[in-house]
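The numbering of the sequence shown is numbering that gives the first Met the number 0, which starts it at 0 and goes up by one. No residue lacks a Cβ here, since even glycine has one placed at the ideal position from N, Cα and C. This one's a predicted model, so the numbers in the text were calculated from it and none came from an experiment. A short write-up of the structure that comes next.
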Amino acid sequence: MTAQIIDGKQVAAEMRAELKEKVAKLKTQNIVPGLAVVLVGEDPASQSYVTAKEKACEEIGIYSNDNRLPAETSEEDLLALVDKLNKDPKIHGILVQLPLPKHINEDKVLLAIDPAKDVDGFHPANVGKMVVGQDAFLPCTPHGIIQLLIRSKVKLEGAEVVIVGRSNIVGKPIANMLIQKAPTGNATVTVCHTRTKNMAEHVKRADIIIAAAGRPNTITADMVKDGAVVIDVGVNRVEDATKKRGYRLVGDVDFEAVKEKASLITPVPGGVGPMTITMLLYNTVRSAEKTLNS
Ligand code: GUN
């Protein structure tokens, strides 16, 4: 079997067109959704993510407020900026790009963001609501994956899902979302991690594999059941002298071999990545819409 490619760029473009209309409608009610992006330091991958997020905002008419701070910024100064953004009525969403430099306590910063502006869905109040199935901002990458699966007509109810990776950003939240008693859940979920014994045996059982380990070739063809759906969340830079920038991006899945066994597969780039940004736009628009009813 050769897999059909799940085109994240295409799904993202459809959703962004819907969001653009919502933004235009909000503007007729004198509301311009605003997203503040905060980046501390010069990590090249973070810089390119943040630039892509800001560009996507502008494309659909969201006001983007750019805050790029030097790596030596103190925790106190960062908390003061978050406080200022919490109070700014033009800002409906706040995103502090992770990871933060080591001298800053990430948990403390995430806790300082107003949960009503936490469009990343990382504040413990939103995480808790998500776990108990209450209305909350959902974290963007897992929410984007669920949208990709649903819009590709993948059956989630009763599906055996194996997630590889237990990060707070992807593994833990998507496991929670997929076990919810809801049309976007109802799956049977296994989470594998660095201490899992015999990961391959778990992955071989999966109807849906979600690879979020952050390591190339974590999922090889011998681990994949015929016809499985494979979602690759990895974004890894590998050296490539044939490229002008000296590297190319690969996921966590051995794409060329695995696509011969899977029924559906996401590429890297062009799979999950565009959906992450789209769900950030979605949460920001939703946050702005909520101010209409408050
Ligand atoms: N770093 C990697 N992914 C993300 C994300 O979705 N949001 C933030 N804030 N930082 C990240």
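Check	Outcome
Segment contact flag, the region 169-180 with the region 195-203, C-beta cutoff 8 angstroms, min 3 pairs	no
Close-in-space but distant-in-sequence residues of the same chain around K260 (CB under 6 angstroms, 5 per side omitted)	A220, V223, D225
Cβ contact check for the region 64-78 and the region 103-120: 3 or more pairs under 8 angstroms	yes
Terminal residues of the beta strand (DSSP E) in which T27 lies	Note, T27: premise wrong, no beta strand (DSSP E); alpha helix (DSSP H) at 7-27.
Nearest-angstrom Cβ-Cβ length linking G170 and V190, presumed shorter than 8 angstroms	6 angstroms
L97: CB within 8 angstroms of a non-hydrogen atom of ligand 1	yes
At least three beta-carbon pairs within less than 8 angstroms, the region 16-25 to the region 59-74	yes
Given S262 as reference, the closest of L84, I218, A227, G269 once Cα atoms are compared	A227
Spatial distance of K152 from Q179 (CA atoms)	18 angstroms
Rounded straight-line distance, which links the Cα of A135 to that of M129	6 angstroms
Segment contact, 8 angstroms Cβ cut-off, at least three pairs: the region 277-293 with the region 132-149	yes
Beta-carbon contacts of D113 that lie in its chain and below 6 angstroms, excluding the five residues immediately before and after	N85
Nearest residue (CA-CA) to S47, options Q28, L248, A158, A2	L248
Rounded straight-line distance, which links the Cα of E156 to that of V267	26 angstroms
First through last residue of the alpha helix (DSSP H) which encompasses A124	123-130
The region 35-53 touching the region 64-73, judged by at least three CB pairs closer than 8 angstroms	yes
Euclidean distance between Cα positions of Y246 and V234	12 angstroms
Endpoints, alpha helix (DSSP H) assigned at T283	271-291
Backbone secondary structure at R214 - three-state DSSP	coil
8 angstroms contact criterion, which H320 and T290 should meet: CB distance rounded	Residue 320 is absent from the model: the chain starts at 0 and stops at 293.
Nonlocal neighbours in the same chain, by C-beta distance under 6 angstroms from T183, ignoring five residues either side	I145
Nearest neighbour of T265, chosen from I209, R285, E238, V284 [CA to CA]	I209
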